[in-house]
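These notes are about the structure you will find just below.
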Amino acid sequence: MIKQPFSLQQATALCARFRALAGKRFFDGNDKGNIIECVSIAPFDEINKWMFVQFYAECRCPNKALAYYQYPFYDILVLAAKNPNSKQVHFKDIRQYLHPAPKTGSALLQL
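Listed below in structure tokens is the structure:
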């Protein structure tokens with residue numbers, strides 16, 4: 005399945021819809037006690053998405069972290085950390101967070 009970008013209007017609406025996730029536990033397959041800080045509009049491509057997360061880790065403001073991005077292709081990220089002062093920010097795009105891929109064969113690999 006090919007993931008399509010959101011327009012800014014779509015991303016804004018979806019971000020508002022899932023904003024209530026903030027403050028909840030972040031489940032990413034290895035429960036490390038991370039708490040969702042925000043659901044944010046982010047760049048669509050992987051390089052700009054990585055840069056966005058780095059900027060977010062420094063300033064903790066998604067609007068400031070997105071200020072450099074000048075393209076019309078967006079995604080929604082769920083951003084989490086152990087505490088608000090942590091420089092290590094975990095993230096997943098909203099599609100992966102809501103519909104995680106099944107772990108096929110992982111039990112066999114651990115044997």
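Yeah, the sequence shown ends on 115 if you go by the numbering used here, and it's all consecutive.
Ideal Cβ placement from N, Cα and C applies to all residues, glycine included.
These numbers were taken from a predicted model, which means no experiment stands behind them.
Reduced DSSP category for Y75 - H, G, I as helix; E, B as strand; rest coil: coil
Proximity to S90 [Cα-Cα], best of P47, G37 and N52: G37
Span of the beta strand (DSSP E) around F31: No beta strand (DSSP E) holds F31; DSSP gives it neither H nor E.
Exposure label - S44; buried when at least 16 CB within 10 Å: buried
Segment contact, 8 Å Cβ cut-off, at least three pairs: the stretch 70-83 with the stretch 7-15: yes
Residues that DSSP places opposite C19 in a beta bridge: Its beta-bridge partners do not exist; DSSP assigns none.
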